[in-house]
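Each position in the sequence shown, counted from 1, maps to that position plus 17 in the working numbering.
Scroll down for the structure; my scribbles are underneath it.
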Amino acid sequence: MKELVKLLTSRRCWKILSAGSIKRHISLSPGYLAKQKKPVSAKLLMEPEIEEILAPLRLSVKEQGDLVRRLKSEKAPDIDVQRAVAELKTRKNALEQKELQLTSNDDFDRNKLEELLKQKFFYDQSFSIYGGVTGLYDFGPMGCAVKANLLQAWRNFFVLEEQMLEVDCAMLTPEPVLKASGHVERFQDYMVKDVKNGECFRADHLIEGHFEKLLKDKKVTDEVKEEIRSLLPKVDGMSRDDMQAVLRKFDMKSPITNNDLTDPIDFNLMFGISIGPTGYMKGFLRPETAQGIFVNFKRLLEFNQGKLPFAAAQIGNAFRNEISPRSGLLRVREFTMAEIEHFCDPDEKNHHKFSDVADLELVLYSACNQMDGKAPQRVTVGKAVSERLIANETLGYFMARIYLFMLKVGIDPKKLRFRQHMSNEMAHYACDCWDAECKTSYGWIECVGCADRSCYDLSQHAKATGVRLAAEKMLPEPISF
18 MKELVKLLTS RRCWKILSAG SIKRHISLSP GYLAKQKKPV SAKLLMEPEI EEILAPLRLS
78 VKEQGDLVRR LKSEKAPDID VQRAVAELKT RKNALEQKEL QLTSNDDFDR NKLEELLKQK
138 FFYDQSFSIY GGVTGLYDFG PMGCAVKANL LQAWRNFFVL EEQMLEVDCA MLTPEPVLKA
198 SGHVERFQDY MVKDVKNGEC FRADHLIEGH FEKLLKDKKV TDEVKEEIRS LLPKVDGMSR
258 DDMQAVLRKF DMKSPITNND LTDPIDFNLM FGISIGPTGY MKGFLRPETA QGIFVNFKRL
318 LEFNQGKLPF AAAQIGNAFR NEISPRSGLL RVREFTMAEI EHFCDPDEKN HHKFSDVADL
378 ELVLYSACNQ MDGKAPQRVT VGKAVSERLI ANETLGYFMA RIYLFMLKVG IDPKKLRFRQ
438 HMSNEMAHYA CDCWDAECKT SYGWIECVGC ADRSCYDLSQ HAKATGVRLA AEKMLPEPIS
498 F
(Lines of atoms letter the chains of each structure in order from A; the text may use other names.)
(Lines give C-alpha, C1' and ligand atoms only; values in the text may rest on other atoms or scores of the structure.)
Protein backbone atom coordinates (compact mmCIF):
# COMPACT_ATOMS: atom_id res chain seq x y z
CA MET A 18 0.00 0.00 0.00
CA LYS A 19 2.91 2.37 0.69
CA GLU A 20 4.17 1.82 -2.84
CA LEU A 21 0.64 2.60 -4.11
CA VAL A 22 0.62 5.86 -2.13
CA LYS A 23 3.94 6.78 -3.77
CA LEU A 24 2.54 6.02 -7.20
CA LEU A 25 -0.57 8.10 -6.58
CA THR A 26 1.32 11.05 -5.08
CA SER A 27 4.20 11.11 -7.54
CA ARG A 28 2.75 13.93 -9.65
CA ARG A 29 1.41 16.02 -6.81
CA CYS A 30 3.22 19.34 -6.46
CA TRP A 31 3.33 21.82 -3.55
CA LYS A 32 5.09 25.13 -4.08
CA ILE A 33 5.83 28.04 -1.80
CA LEU A 34 5.82 31.50 -3.41
CA SER A 35 7.22 34.58 -1.78
CA ALA A 36 5.70 37.77 -3.17
CA GLY A 37 3.48 39.88 -0.94
CA SER A 38 0.29 38.83 0.87
CA ILE A 39 -1.14 37.25 4.12
CA LYS A 40 -0.83 34.40 6.57
CA ARG A 41 -3.11 33.09 9.27
CA HIS A 42 -2.41 29.68 10.69
CA ILE A 43 -3.55 27.44 13.52
CA SER A 44 -0.75 26.11 15.73
CA LEU A 45 0.32 22.51 15.39
CA SER A 46 -0.89 20.28 18.16
CA PRO A 47 2.09 19.90 20.57
CA GLY A 48 1.14 16.29 21.18
CA TYR A 49 1.01 15.51 17.47
CA LEU A 50 4.34 17.22 16.86
CA ALA A 51 5.95 15.36 19.76
CA LYS A 52 4.83 12.06 18.27
CA GLN A 53 6.06 12.99 14.80
CA LYS A 54 9.25 14.83 15.74
CA LYS A 55 11.44 11.74 15.94
CA PRO A 56 10.35 9.13 13.43
CA VAL A 57 12.25 5.97 12.67
CA SER A 58 15.81 7.18 12.19
CA ALA A 59 17.01 7.14 8.61
CA LYS A 60 20.39 5.46 8.35
CA LEU A 61 22.48 8.13 6.67
CA LEU A 62 25.85 6.51 7.23
CA MET A 63 26.43 3.45 5.08
CA GLU A 64 27.97 0.22 6.37
CA PRO A 65 31.81 0.40 6.51
CA GLU A 66 32.11 -2.09 3.65
CA ILE A 67 29.80 0.00 1.47
CA GLU A 68 31.56 3.25 2.39
CA GLU A 69 34.86 1.67 1.39
CA ILE A 70 33.45 0.96 -2.09
CA LEU A 71 31.91 4.43 -2.38
CA ALA A 72 34.96 6.35 -1.10
CA PRO A 73 36.76 6.63 -4.49
CA LEU A 74 33.53 7.80 -6.16
CA ARG A 75 32.89 10.38 -3.43
CA LEU A 76 36.46 11.68 -3.80
CA SER A 77 36.03 11.87 -7.57
CA VAL A 78 32.85 13.96 -7.19
CA LYS A 79 34.50 16.25 -4.62
CA GLU A 80 37.52 16.89 -6.86
CA GLN A 81 35.28 17.81 -9.78
CA GLY A 82 33.06 19.96 -7.54
CA ASP A 83 36.14 21.85 -6.35
CA LEU A 84 37.14 22.38 -9.99
CA VAL A 85 33.71 23.82 -10.83
CA ARG A 86 33.92 26.20 -7.86
CA ARG A 87 37.42 27.32 -8.87
CA LEU A 88 36.43 27.94 -12.49
CA LYS A 89 33.43 30.00 -11.39
CA SER A 90 35.48 32.03 -8.89
CA GLU A 91 38.10 32.71 -11.58
CA LYS A 92 35.34 33.69 -14.04
CA ALA A 93 36.58 31.14 -16.55
CA PRO A 94 35.03 30.98 -20.05
CA ASP A 95 31.47 29.63 -20.06
CA ILE A 96 32.44 26.66 -22.24
CA ASP A 97 35.02 25.52 -19.65
CA VAL A 98 32.48 25.83 -16.81
CA GLN A 99 29.86 23.92 -18.82
CA ARG A 100 32.29 21.08 -19.53
CA ALA A 101 33.28 20.89 -15.87
CA VAL A 102 29.62 20.88 -14.75
CA ALA A 103 28.81 18.15 -17.29
CA GLU A 104 31.63 16.00 -15.93
CA LEU A 105 30.44 16.70 -12.37
CA LYS A 106 26.96 15.44 -13.31
CA THR A 107 28.49 12.29 -14.81
CA ARG A 108 30.45 11.52 -11.64
CA LYS A 109 27.49 12.42 -9.40
CA ASN A 110 25.19 10.10 -11.35
CA ALA A 111 27.75 7.29 -11.12
CA LEU A 112 27.91 7.75 -7.34
CA GLU A 113 24.12 7.78 -6.96
CA GLN A 114 23.67 4.70 -9.13
CA LYS A 115 26.31 2.83 -7.13
CA GLU A 116 24.64 3.86 -3.86
CA LEU A 117 21.28 2.59 -5.11
CA GLN A 118 22.86 -0.65 -6.29
CA LEU A 119 24.55 -1.28 -2.94
CA THR A 120 21.67 -0.22 -0.67
CA SER A 121 18.62 -1.48 -2.58
CA ASN A 122 17.83 -4.74 -0.84
CA ASP A 123 14.03 -4.67 -1.22
CA ASP A 124 12.43 -7.71 -2.78
CA PHE A 125 9.56 -5.56 -4.05
CA ASP A 126 8.20 -6.59 -7.46
CA ARG A 127 6.78 -3.52 -9.20
CA ASN A 128 5.37 -5.45 -12.14
CA LYS A 129 3.35 -7.72 -9.87
CA LEU A 130 1.96 -4.73 -7.95
CA GLU A 131 0.95 -2.94 -11.14
CA GLU A 132 -0.65 -6.13 -12.45
CA LEU A 133 -2.63 -6.53 -9.21
CA LEU A 134 -3.73 -2.87 -9.17
CA LYS A 135 -5.02 -3.14 -12.72
CA GLN A 136 -6.66 -6.50 -12.04
CA LYS A 137 -8.56 -4.99 -9.07
CA PHE A 138 -9.21 -1.83 -11.13
CA PHE A 139 -7.44 0.62 -8.87
CA TYR A 140 -6.44 2.17 -12.20
CA ASP A 141 -6.03 1.16 -15.83
CA GLN A 142 -5.21 2.67 -19.19
CA SER A 143 -7.91 5.00 -20.51
CA PHE A 144 -10.02 3.94 -23.51
CA SER A 145 -8.56 0.44 -23.37
CA ILE A 146 -11.37 -1.10 -25.48
CA TYR A 147 -10.20 1.18 -28.30
CA GLY A 148 -6.59 0.16 -27.82
CA GLY A 149 -5.81 2.73 -25.13
CA VAL A 150 -3.92 6.02 -25.22
CA THR A 151 -0.41 6.16 -23.80
CA GLY A 152 -0.09 8.48 -20.82
CA LEU A 153 -3.81 8.54 -19.95
CA TYR A 154 -5.23 6.53 -17.04
CA ASP A 155 -8.63 6.02 -15.40
CA PHE A 156 -9.07 5.36 -11.68
CA GLY A 157 -11.53 2.65 -10.70
CA PRO A 158 -13.64 2.45 -7.52
CA MET A 159 -10.76 1.55 -5.20
CA GLY A 160 -8.38 3.99 -6.87
CA CYS A 161 -10.95 6.79 -6.55
CA ALA A 162 -11.37 5.98 -2.86
CA VAL A 163 -7.62 6.12 -2.21
CA LYS A 164 -7.25 9.33 -4.23
CA ALA A 165 -10.24 11.01 -2.55
CA ASN A 166 -8.97 10.10 0.92
CA LEU A 167 -5.49 11.36 0.06
CA LEU A 168 -6.76 14.70 -1.26
CA GLN A 169 -9.08 15.17 1.70
CA ALA A 170 -6.19 14.46 4.06
CA TRP A 171 -4.15 17.09 2.18
CA ARG A 172 -6.98 19.62 2.37
CA ASN A 173 -7.45 19.02 6.11
CA PHE A 174 -3.73 19.16 6.86
CA PHE A 175 -2.87 22.25 4.83
CA VAL A 176 -5.92 24.24 3.72
CA LEU A 177 -8.14 23.91 6.80
CA GLU A 178 -5.52 23.68 9.54
CA GLU A 179 -3.51 26.58 8.08
CA GLN A 180 -6.62 28.62 7.12
CA MET A 181 -5.56 28.96 3.50
CA LEU A 182 -7.72 30.51 0.78
CA GLU A 183 -8.81 27.76 -1.61
CA VAL A 184 -9.65 28.50 -5.24
CA ASP A 185 -10.80 26.41 -8.19
CA CYS A 186 -9.67 28.04 -11.44
CA ALA A 187 -10.40 27.33 -15.10
CA MET A 188 -8.33 24.72 -16.91
CA LEU A 189 -8.72 26.45 -20.30
CA THR A 190 -6.12 29.21 -20.35
CA PRO A 191 -5.86 32.04 -22.93
CA GLU A 192 -2.50 32.28 -24.70
CA PRO A 193 -1.51 35.73 -23.30
CA VAL A 194 -1.50 34.33 -19.74
CA LEU A 195 1.00 31.61 -20.61
CA LYS A 196 3.04 33.98 -22.77
CA ALA A 197 3.52 36.23 -19.76
CA SER A 198 4.46 33.28 -17.52
CA GLY A 199 7.04 32.09 -20.07
CA HIS A 200 5.40 28.75 -20.84
CA VAL A 201 4.76 29.48 -24.53
CA GLU A 202 8.43 30.24 -25.10
CA ARG A 203 10.15 27.75 -22.80
CA PHE A 204 7.79 24.85 -22.12
CA GLN A 205 9.04 22.59 -24.89
CA ASP A 206 11.18 19.57 -25.77
CA TYR A 207 12.85 18.33 -28.96
CA MET A 208 11.17 15.51 -30.86
CA VAL A 209 12.16 13.12 -33.67
CA LYS A 210 9.88 10.98 -35.84
CA ASP A 211 10.12 7.60 -37.53
CA VAL A 212 10.29 8.57 -41.23
CA LYS A 213 8.07 5.65 -42.30
CA ASN A 214 5.32 5.31 -39.70
CA GLY A 215 5.50 8.76 -38.07
CA GLU A 216 5.98 7.44 -34.53
CA CYS A 217 7.37 10.17 -32.28
CA PHE A 218 10.18 10.01 -29.74
CA ARG A 219 11.51 12.56 -27.30
CA ALA A 220 15.01 13.23 -28.62
CA ASP A 221 16.87 13.40 -25.30
CA HIS A 222 15.30 10.16 -24.03
CA LEU A 223 16.08 8.38 -27.29
CA ILE A 224 19.72 9.51 -27.22
CA GLU A 225 20.13 8.52 -23.56
CA GLY A 226 18.59 5.10 -24.20
CA HIS A 227 20.82 4.51 -27.22
CA PHE A 228 23.93 5.57 -25.28
CA GLU A 229 23.09 3.25 -22.36
CA LYS A 230 22.67 0.39 -24.82
CA LEU A 231 26.06 1.11 -26.43
CA LEU A 232 27.78 1.26 -23.03
CA LYS A 233 26.61 -2.30 -22.34
CA ASP A 234 27.68 -3.55 -25.78
CA LYS A 235 30.98 -5.45 -25.53
CA LYS A 236 31.67 -4.82 -29.23
CA VAL A 237 31.90 -1.05 -28.73
CA THR A 238 35.48 0.18 -28.27
CA ASP A 239 36.69 1.80 -25.05
CA GLU A 240 37.38 5.01 -26.99
CA VAL A 241 33.77 5.27 -28.16
CA LYS A 242 32.47 4.43 -24.68
CA GLU A 243 34.61 7.19 -23.20
CA GLU A 244 33.14 9.67 -25.69
CA ILE A 245 29.63 8.50 -24.82
CA ARG A 246 30.29 8.94 -21.10
CA SER A 247 31.40 12.51 -21.74
CA LEU A 248 28.29 13.23 -23.84
CA LEU A 249 25.68 11.52 -21.65
CA PRO A 250 25.44 14.19 -18.90
CA LYS A 251 25.25 16.94 -21.53
CA VAL A 252 22.13 15.58 -23.25
CA ASP A 253 19.68 17.56 -21.09
CA GLY A 254 21.27 20.86 -22.06
CA MET A 255 21.85 20.13 -25.75
CA SER A 256 20.55 22.49 -28.41
CA ARG A 257 18.61 21.20 -31.40
CA ASP A 258 21.76 21.35 -33.57
CA ASP A 259 23.77 19.45 -30.94
CA MET A 260 21.17 16.67 -30.82
CA GLN A 261 21.03 16.52 -34.60
CA ALA A 262 24.81 16.10 -34.76
CA VAL A 263 24.74 13.30 -32.16
CA LEU A 264 21.88 11.47 -33.90
CA ARG A 265 23.79 11.52 -37.18
CA LYS A 266 27.20 10.68 -35.75
CA PHE A 267 25.94 7.57 -33.97
CA ASP A 268 23.51 6.69 -36.77
CA MET A 269 20.57 6.38 -34.38
CA LYS A 270 17.41 4.64 -35.59
CA SER A 271 13.93 4.10 -34.24
CA PRO A 272 14.28 1.77 -31.22
CA ILE A 273 11.09 -0.02 -32.29
CA THR A 274 11.31 -0.40 -36.09
CA ASN A 275 14.97 0.44 -36.75
CA ASN A 276 13.77 2.94 -39.37
CA ASP A 277 15.52 6.25 -40.01
CA LEU A 278 14.57 9.28 -37.91
CA THR A 279 13.85 12.88 -38.82
CA ASP A 280 15.97 15.76 -37.55
CA PRO A 281 14.86 17.11 -34.14
CA ILE A 282 12.03 19.64 -34.15
CA ASP A 283 10.58 21.88 -31.42
CA PHE A 284 7.56 20.45 -29.66
CA ASN A 285 5.56 22.52 -27.16
CA LEU A 286 4.38 20.36 -24.27
CA MET A 287 1.09 22.24 -23.86
CA PHE A 288 -2.16 21.09 -25.45
CA GLY A 289 -3.26 23.88 -27.79
CA ILE A 290 -6.98 24.69 -28.13
CA SER A 291 -9.20 27.32 -29.75
CA ILE A 292 -11.71 29.04 -27.46
CA GLY A 293 -15.07 30.07 -28.90
CA PRO A 294 -16.82 29.39 -32.23
CA THR A 295 -14.62 31.67 -34.36
CA GLY A 296 -11.41 29.85 -33.53
CA TYR A 297 -9.57 33.18 -33.28
CA MET A 298 -8.92 33.01 -29.53
CA LYS A 299 -5.97 30.69 -29.01
CA GLY A 300 -5.47 28.96 -25.70
CA PHE A 301 -4.05 25.93 -23.94
CA LEU A 302 -5.04 23.35 -21.37
CA ARG A 303 -3.16 24.56 -18.30
CA PRO A 304 0.25 22.91 -17.77
CA GLU A 305 0.15 23.81 -14.06
CA THR A 306 -2.36 25.10 -11.52
CA ALA A 307 -0.21 27.98 -10.26
CA GLN A 308 -1.11 30.60 -12.88
CA GLY A 309 -4.78 30.59 -11.86
CA ILE A 310 -3.72 31.61 -8.36
CA PHE A 311 -1.37 34.34 -9.60
CA VAL A 312 -3.92 36.04 -11.87
CA ASN A 313 -6.41 36.08 -8.95
CA PHE A 314 -3.88 37.60 -6.54
CA LYS A 315 -5.63 40.99 -6.44
CA ARG A 316 -9.02 39.43 -5.58
CA LEU A 317 -7.46 37.19 -2.95
CA LEU A 318 -5.63 40.12 -1.37
CA GLU A 319 -8.90 42.10 -1.23
CA PHE A 320 -10.69 39.09 0.26
CA ASN A 321 -8.06 39.02 2.98
CA GLN A 322 -8.60 42.74 3.67
CA GLY A 323 -5.26 43.67 2.12
CA LYS A 324 -3.23 41.86 4.77
CA LEU A 325 0.03 39.99 4.31
CA PRO A 326 1.09 37.19 4.40
CA PHE A 327 -1.51 34.72 3.10
CA ALA A 328 -1.55 31.39 1.33
CA ALA A 329 -3.78 30.26 -1.53
CA ALA A 330 -4.33 26.62 -2.43
CA GLN A 331 -5.78 24.73 -5.36
CA ILE A 332 -6.41 21.11 -6.26
CA GLY A 333 -7.01 20.36 -9.92
CA ASN A 334 -5.89 18.70 -13.12
CA ALA A 335 -2.98 19.83 -15.28
CA PHE A 336 -2.04 18.67 -18.77
CA ARG A 337 1.31 18.07 -20.46
CA ASN A 338 1.54 16.64 -23.94
CA GLU A 339 4.45 14.33 -23.14
CA ILE A 340 6.20 13.05 -26.27
CA SER A 341 6.88 9.63 -24.78
CA PRO A 342 5.00 8.96 -21.50
CA ARG A 343 6.59 6.23 -19.40
CA SER A 344 7.07 4.79 -15.90
CA GLY A 345 3.40 4.11 -15.23
CA LEU A 346 1.76 6.98 -13.33
CA LEU A 347 5.01 8.98 -13.05
CA ARG A 348 5.05 10.57 -16.51
CA VAL A 349 1.53 11.04 -17.86
CA ARG A 350 -0.39 13.54 -19.97
CA GLU A 351 -3.12 14.43 -17.47
CA PHE A 352 -2.66 14.42 -13.70
CA THR A 353 -3.90 15.94 -10.46
CA MET A 354 -1.88 18.60 -8.67
CA ALA A 355 -2.30 19.95 -5.14
CA GLU A 356 -0.57 23.31 -4.94
CA ILE A 357 0.05 26.09 -2.43
CA GLU A 358 1.30 29.59 -3.15
CA HIS A 359 2.29 31.49 0.00
CA PHE A 360 2.56 35.27 -0.46
CA CYS A 361 4.60 37.36 1.96
CA ASP A 362 6.61 40.55 2.24
CA PRO A 363 9.95 39.89 0.45
CA ASP A 364 11.73 41.66 3.32
CA GLU A 365 9.92 39.70 6.05
CA LYS A 366 10.23 35.98 5.36
CA ASN A 367 10.06 34.93 8.98
CA HIS A 368 7.12 32.71 10.01
CA HIS A 369 5.18 33.13 13.26
CA LYS A 370 4.82 29.34 13.69
CA PHE A 371 8.41 28.47 12.83
CA SER A 372 9.27 27.69 16.47
CA ASP A 373 6.73 24.83 16.35
CA VAL A 374 8.85 22.95 13.79
CA ALA A 375 12.36 24.32 14.47
CA ASP A 376 13.42 21.14 16.33
CA LEU A 377 12.09 18.78 13.66
CA GLU A 378 14.86 16.84 11.90
CA LEU A 379 14.87 16.46 8.12
CA VAL A 380 17.20 14.51 5.84
CA LEU A 381 18.74 17.24 3.67
CA TYR A 382 20.82 16.61 0.56
CA SER A 383 22.29 20.06 0.08
CA ALA A 384 23.85 21.36 -3.12
CA CYS A 385 27.23 21.50 -1.35
CA ASN A 386 27.02 17.87 -0.27
CA GLN A 387 26.10 16.87 -3.81
CA MET A 388 29.13 18.72 -5.21
CA ASP A 389 31.41 17.25 -2.55
CA GLY A 390 30.17 13.69 -3.07
CA LYS A 391 28.90 13.50 0.51
CA ALA A 392 25.80 11.68 1.73
CA PRO A 393 22.62 13.48 2.85
CA GLN A 394 22.63 14.60 6.47
CA ARG A 395 20.00 14.81 9.20
CA VAL A 396 19.62 18.42 10.37
CA THR A 397 17.00 20.26 12.41
CA VAL A 398 14.99 22.83 10.47
CA GLY A 399 16.04 25.54 12.92
CA LYS A 400 19.74 24.85 12.42
CA ALA A 401 19.35 24.64 8.64
CA VAL A 402 17.71 28.08 8.54
CA SER A 403 20.14 29.69 11.00
CA GLU A 404 23.08 28.46 8.92
CA ARG A 405 21.36 29.62 5.69
CA LEU A 406 21.25 26.09 4.33
CA ILE A 407 17.51 26.73 3.90
CA ALA A 408 16.97 30.29 2.69
CA ASN A 409 14.39 31.51 5.23
CA GLU A 410 11.90 30.55 7.94
CA THR A 411 8.87 30.44 5.64
CA LEU A 412 10.54 27.97 3.30
CA GLY A 413 11.76 25.90 6.25
CA TYR A 414 8.31 25.89 7.86
CA PHE A 415 6.60 24.53 4.77
CA MET A 416 9.32 21.93 4.19
CA ALA A 417 8.66 20.68 7.72
CA ARG A 418 4.90 20.64 7.13
CA ILE A 419 5.37 18.71 3.88
CA TYR A 420 7.52 16.18 5.74
CA LEU A 421 4.90 15.71 8.47
CA PHE A 422 2.15 15.26 5.91
CA MET A 423 4.11 12.64 3.99
CA LEU A 424 4.65 10.67 7.19
CA LYS A 425 0.94 11.01 7.97
CA VAL A 426 -0.07 9.38 4.67
CA GLY A 427 2.34 6.48 5.09
CA ILE A 428 5.63 7.39 3.39
CA ASP A 429 8.55 5.50 4.96
CA PRO A 430 10.86 8.12 6.58
CA LYS A 431 13.86 5.94 5.69
CA LYS A 432 13.03 6.52 2.03
CA LEU A 433 12.35 10.25 2.19
CA ARG A 434 14.78 13.14 1.73
CA PHE A 435 14.87 16.78 0.61
CA ARG A 436 17.31 17.47 -2.23
CA GLN A 437 18.40 21.03 -2.93
CA HIS A 438 18.65 22.19 -6.54
CA MET A 439 22.20 22.90 -7.62
CA SER A 440 22.98 26.28 -9.18
CA ASN A 441 23.07 24.87 -12.71
CA GLU A 442 19.53 23.42 -12.37
CA MET A 443 17.91 26.25 -10.38
CA ALA A 444 15.09 28.02 -12.22
CA HIS A 445 15.96 31.60 -13.16
CA TYR A 446 13.25 33.00 -10.85
CA ALA A 447 14.12 30.89 -7.76
CA CYS A 448 16.54 31.82 -4.99
CA ASP A 449 16.21 28.46 -3.21
CA CYS A 450 14.49 25.23 -4.19
CA TRP A 451 14.16 21.83 -2.52
CA ASP A 452 12.49 18.66 -3.82
CA ALA A 453 10.98 16.12 -1.45
CA GLU A 454 12.14 12.83 -2.99
CA CYS A 455 10.94 9.30 -2.27
CA LYS A 456 13.05 6.24 -2.92
CA THR A 457 10.87 3.93 -5.02
CA SER A 458 11.43 1.00 -7.35
CA TYR A 459 12.29 3.64 -9.99
CA GLY A 460 15.00 5.15 -7.78
CA TRP A 461 14.75 8.57 -6.10
CA ILE A 462 11.65 10.30 -7.48
CA GLU A 463 10.61 13.93 -6.92
CA CYS A 464 7.17 14.01 -5.28
CA VAL A 465 7.01 17.61 -4.06
CA GLY A 466 8.68 20.81 -5.24
CA CYS A 467 9.20 23.56 -2.63
CA ALA A 468 10.70 26.81 -3.92
CA ASP A 469 11.12 30.47 -3.00
CA ARG A 470 10.08 32.04 -6.32
CA SER A 471 10.25 35.67 -5.18
CA CYS A 472 7.69 37.84 -7.05
CA TYR A 473 8.55 36.72 -10.59
CA ASP A 474 5.09 35.55 -11.65
CA LEU A 475 3.18 38.53 -10.26
CA SER A 476 5.65 40.92 -11.89
CA GLN A 477 5.25 39.21 -15.27
CA HIS A 478 1.44 39.34 -15.17
CA ALA A 479 1.44 42.95 -13.94
CA LYS A 480 3.73 43.94 -16.79
CA ALA A 481 1.59 42.13 -19.39
CA THR A 482 -1.78 43.51 -18.22
CA GLY A 483 -0.96 46.87 -16.66
CA VAL A 484 -2.83 45.74 -13.53
CA ARG A 485 -1.03 46.45 -10.26
CA LEU A 486 -0.41 43.15 -8.46
CA ALA A 487 1.20 44.34 -5.25
CA ALA A 488 0.35 44.73 -1.59
CA GLU A 489 0.75 47.75 0.68
CA LYS A 490 1.69 47.97 4.33
CA MET A 491 1.41 50.68 6.95
CA LEU A 492 4.71 52.26 7.97
CA PRO A 493 5.29 53.01 11.67
CA GLU A 494 6.07 56.62 10.78
CA PRO A 495 6.24 58.77 7.63
CA ILE A 496 9.42 58.74 5.59
CA SER A 497 10.87 62.17 4.82
CA PHE A 498 12.57 62.86 1.50
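Cβ atoms here follow ideal geometry from the backbone N, Cα and C, with glycine treated the same way.
Computed from a predicted model, the values in this text were never measured in an experiment.
Residue state for Lys109 is assigned as helix, using DSSP reduced to three classes.
Relative to the Cα of His438, the nearest Cα in the group Cys385, Met416 and Asn409 belongs to Cys385. Collapsing the DSSP output to three states places Val85 in a helix.
Comparing alpha-carbon positions, the option among Gln387, Gln114 and Gly226 lying closest to Leu105 turns out to be Gln387. In this structure, the beta-carbon distance from Leu84 to Ala111 does not fall below 7 Å. With a threshold of 16 other beta carbon atoms within 10 Å, Val402 meets it and is buried. Around Val241, the same chain offers Leu231 as residues with beta carbons nearer than 8 Å, after the five sequence neighbours per side are excluded. For Thr457, the uninterrupted beta strand (DSSP E) segment begins and ends at Asp449 to Thr457.
In the DSSP assignment, His438 falls outside any beta strand (DSSP E) and carries neither an H nor an E. With contacts defined by Cβ atoms closer than 7 Å, Thr151 and Pro363 do not form a contacting pair.
Annotation for Pro191: the continuous beta strand (DSSP E) segment containing it runs Leu189 to Pro191. Ala488 is the residue among Ala488, Lys431 and Gln394 whose C-alpha sits nearest the C-alpha of Leu325.
In this structure, Met269 places its C-beta atom within 7 Å of the C-beta atom of His227. Each residue's CA atom was taken as its position, placing Arg303 and Pro250 some 30 Å apart. Distance from Asp469 to Leu412 at the Cβ level is roughly 5 Å; contact confirmed, criterion being Cβ atoms closer than 8 Å. For Gly226, the three-state secondary structure derived from DSSP is helix.
With 16 or more other CB atoms across the displayed protein chains lying within 10 angstroms of its CB, Leu223 is buried. Around the beta-carbon of Arg418, 16 or more other beta-carbon atoms lie within 10 Å, marking it buried. Going by beta carbons, Val78 and Lys115 fall outside the 7 Å limit.
The count of Cβ pairs closer than 8 Å, one atom from the stretch 276-290 and one from the stretch 447-457, stays below three, leaving the stretches out of contact. Only exposed fits Met491, as fewer than 16 other CB atoms lie within 10 angstroms of its CB.
Following the DSSP letters along the chain, one finds Leu134 inside the alpha helix (DSSP H) bounded by residues Arg127 to Gln136. For a cut-off of 8 Å, the C-beta gap from Asn367 to Phe352 is around 34 Å, too long to register as a contact. Secondary structure of Cys186 (DSSP, three-state): coil. In the structure shown, Asn334 falls within a strand segment according to DSSP collapsed to helix, strand and coil. Each residue's CA atom was taken as its position, placing Leu182 and Phe139 some 31 Å apart. Take the alpha-carbon of Ser476 and the one of Gly399: they are about 31 Å apart.
Distance from Cys361 to Met416 at the Cβ level is roughly 15 Å; contact not present, criterion being Cβ atoms closer than 8 Å.
Cβ neighbours of Val396 within its own chain (closer than 6 Å, five residues either side excluded): Leu381. Fully enclosed beta strand (DSSP E) runs of no fewer than 3 residues occupy 378-382 and 394-397 of the stretch 357-413, in order along the chain. A direct Cα-Cα distance of roughly 14 Å separates Arg203 from Pro193. Here the alpha carbons of Trp461 and Tyr414 stand approximately 23 Å from one another.
At the C-beta level, Met208 and Ile340 come within 7 Å of one another. Exclusion of the five residues before and after Ala103 leaves Pro250 and Lys251 as the residues of its chain whose Cβ lies within less than 6 Å of its Cβ. Annotated as distal: Tyr459 and Ser383, with beta-carbon spacing of 7 Å or more. A direct Cα-to-Cα measurement between Lys431 and Trp171 gives close to 21 Å.
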